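Novice: Residue numbers (the numbering used here): 6 to 441.
Submitted below is the structure of interest, expressed as structure tokens.
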Amino acid sequence: MHLLTWLMGNSYHVAGWRHPLAWDRTTMRLDVLIEVAKMAEEAKLDALFIADGNAVRNMDKVGLFEANTPSARPAVFDPVTLMAAVSQHTQHIGLVSTASTTYETPWSVARRYASLDHISAGRAAWNVVTGSNTGDSMNFGLDRHPDREERYARAEEFVDACIALWDSWDHDAFVERKDTGQYLDSSRVRTPDFRGTHLSVKGPLNVARSPQGRPVLFHAGQSEGGRRLAARRADCIFAAAADVEAAREYTSDLKRRRAELGGDPDQLKVIVSVAIYLGRTEAEATTLHQELNALITPEIGVDFLGKTVSEDLTGYSIDDPVPDLSRAVVGGNSIRGQLDAIAKAEHLTIRQLYERVVPSVGNAALIGTAVQVADTMEEWFATGACDGFVLGAAISPFTLTLIRDELVPELQRRGLFRTEYTGTTLREHLGLGPIS
Ligand SMILES: Cc1cc2nc3c(=O)[nH]c(=O)nc-3n(C[C@H](O)[C@H](O)[C@H](O)COP(=O)(O)O)c2cc1C
């Protein structure tokens with residue numbers, strides 16, 4: 006089983022940062038993030054994960070920032086810069102961070118991630134996204150966020166271009182012979198000249214081949230375009246699934262697609278996102294869950310739900326029925342359709358729907374003791390719903406401490422999780438074969 010956790014100081018639950026068991030003042034605190042990283046490494050997790058977007062949410066709404074929380078990311082480090090710093094305080098744990106193919110260029114992404122792979126001695130991964138944050142377009146001087154089809158057409162070329170750049174050099178290209186004066190071996194370099202419909206880039210990359218050959222590729226798309234890209238190019242895919250059946254459908258679809266392309270389905274790891282509400286007793290876990298949910302104000306609930314379904318819901322009363330969400334929207338995602346169906350089937354109001362969605366961020370919420378949470382994880386894992394989990398610790402550091410001290414030891418007792426790191430690179434932790 007593969008396990009990751011989010012590199013965040015301010016708790017996974019949207020109101021977790023307000024709970025008494027949460028750290029005080031975590032904004033731009035590198036020391037707090039290093040502590041999270043060290044705890045995750047003590048738990049022997051495969052990797053840390055940073056999600057990212059650009060535009061600060063709510064910037065274009067009346068009452069600027071009114072319903073803002075840390076989840077709107079008004080103050081976060083640049084992910085690769087942060088991972089470079091964290092790499093110097095850890096030895097084993099993988100470093101997965103996000104960059105968007107819609108607003109970046111292949112050159113800058115390939116260069117940054119290859120650099121991080123060197124700096125971290127083979128622990129870097131890029132989470133490829135096309136961007137779920139429509140406001141990003143304004144940060145980059147564009148009038149609109151491209152629609153999904155356009156985003157994925159560019160993403161396909163973008164990833165191919167990065168791979169071509171990462172393959173510029175062989176491992177032994179830089180011979181650095183003092184005696185002869187030969188710095189590099191020109192037979193060990195390729196000069197990619199990638200020309201696509203959406204982008205072009207000429208190499209070689211100005212970074213030597215990185216320790217893993219290339220950084221590990223994660224992808225976080227769920228739509229048809231996202232599945233296609235992951236099946237063709239990803240090493241790992243993040244899945245958002247509300248229950249075990251949805252996860253099973255998703256995982257078997259992705260593995261089938263990989264096999265149909267002639268690849269090895271075992272070399273595409275599906276990592277399901279879950280919210281973790283651990284307690285030392287079941288009663289403690291349930292109480293914490295309730296306490297956290299009581300901290301979600303209507304403004305936050307409506308805002309968060311609106312973001313999740315890509316629809317501004319602020320014009321409604323929270324006790325109005327959920328409006329029709331069947332229309333496709335730019336920036337919209339598969340969860341919009343799932344929630345539309347649930348709201349219609351159960352005649353939910355906006356308040357009822359946000360109470361359901363916000364605590365788990367649309368994913369499954371695992372609530373209970375370490376044994377109970379491990380039972381669910383084992384069932385998902387053993388029945389082919391996933392290869393692993395990205396654990397959203399409801400309260401930092403409280404939940405993270407229990408993940409390290411109770412959940413991981415329980416998974417180890419069951420023989421489901423490593424007791425020591427055996428490899429040195431993230432590819433090795435994830436059971437991925439070497440790049441040829
Ligand atoms: C675990 C997980 C992490 C994600 N991280 C990001 C992220 O960092 N940045 C981002 O723009 N979108 C992120 N997303 C959203 C996806 O990129 C994507 O927009 C969403 O899953 C819908 O899929 P689609 O774009 O194929 O419709 C994440 C999704 C999941 C499940």
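Where a beta carbon is used, it is the ideal one built from N, C-alpha and C, also for glycine.
Note that the coordinates shown come from a computational prediction; the quantities given were computed from them, not determined experimentally.
(1) For a test of your reading of the model: does the CB of Phe309 fall under 7 Å from any non-hydrogen atom of ligand 1? Yes or no.
(2) Which residues bound the beta strand (DSSP E) around Lys207?
(3) Kindly list the residues whose CB is nearer than 7 Å to the CB of Phe422, restricted to its own chain and excluding five residues on each side of it in sequence; keep chain order.
(4) Alpha carbon to alpha carbon, how far is Arg426 from His434?
(5) I'd like to confirm the pairing. Which residues does DSSP put opposite Trp11 in its beta bridges?
(6) Do Asn368 and Val249 have their C-beta atoms within less than 8 Å of each other?
(7) Expressed to the nearest angstrom, what Euclidean distance is found between the alpha-carbon atoms of Pro209 and Val194?
(8) Got a sec, what are the start and stop residues for the alpha helix (DSSP H) Tyr157 sits in?
(9) Secondary structure at Ala235, three-state DSSP: helix, strand or coil?
(10) Identify the continuous alpha helix (DSSP H) that holds Leu318 and give its terminal residues.
(11) Measure the alpha-carbon distance for Tyr255 versus Arg233 and round it to whole angstroms.
(12) For Pro402, which beta-bridge partners are listed by DSSP?
(13) Taking the DSSP output, what are the residues bridged to Phe223?
(14) Look at the alpha carbon of Glu40 and the alpha carbon of Glu411, and state the distance between them as a whole number of angstroms.
(15) Just confirm the distance between the C-beta atoms of Ile340 and Thr313, as a whole number of angstroms; I'd bet it's less than 8 Å.
(16) Please classify Lys183 as buried or exposed, where buried requires at least 16 other C-beta atoms within 10 Å of its C-beta.
(17) Does DSSP classify Ala20 as helix, strand or coil?
(18) Just checking my contact of His24 with Ile400 at CB under 8 Å: how many whole Å lie between their CB atoms?
(19) Cα-Cα, which of Ile440, Pro439 and Thr429 is closest to Asp51?
(20) When burial is assigned at 16 or more other CB atoms within 10 Å of the CB, is Pro439 buried or exposed?
(21) Determine the direct distance from the alpha carbon of Leu300 to that of Leu353, and round the result to whole angstroms.
(22) Quick check: does the Cβ of Ser137 come within less than 7 Å of any heavy atom belonging to ligand 1?
(23) Taking the C-alpha atoms as reference points, what is the distance between Gln185 and Phe179?
(24) Could you say which of Ala387, Trp385 and Ala379 lies nearest to Arg409 if we only look at CA atoms?
Specialist: Quick look at the numbers:
(1) no
(2) Ser205 to Lys207
(3) Met6, Leu8, Val413 and Leu416
(4) In the sequence as displayed, the identity of residue 426 is Tyr instead of Arg. Approximately 7 Å, taken between the alpha carbons.
(5) Phe54
(6) no
(7) 8 Å
(8) Arg153 to Trp171
(9) helix
(10) Element bounds for Leu318: n/a, residue is neither H nor E.
(11) 12 Å
(12) Ala27
(13) Asn132 and Cys241
(14) 18 Å
(15) 6 Å
(16) exposed
(17) coil
(18) 5 Å
(19) Thr429
(20) exposed
(21) 21 Å
(22) yes
(23) For the record, residue 185 in the displayed sequence is Thr; it is not Gln. Using only the alpha carbons, I get a separation of about 13 Å.
(24) Ala379
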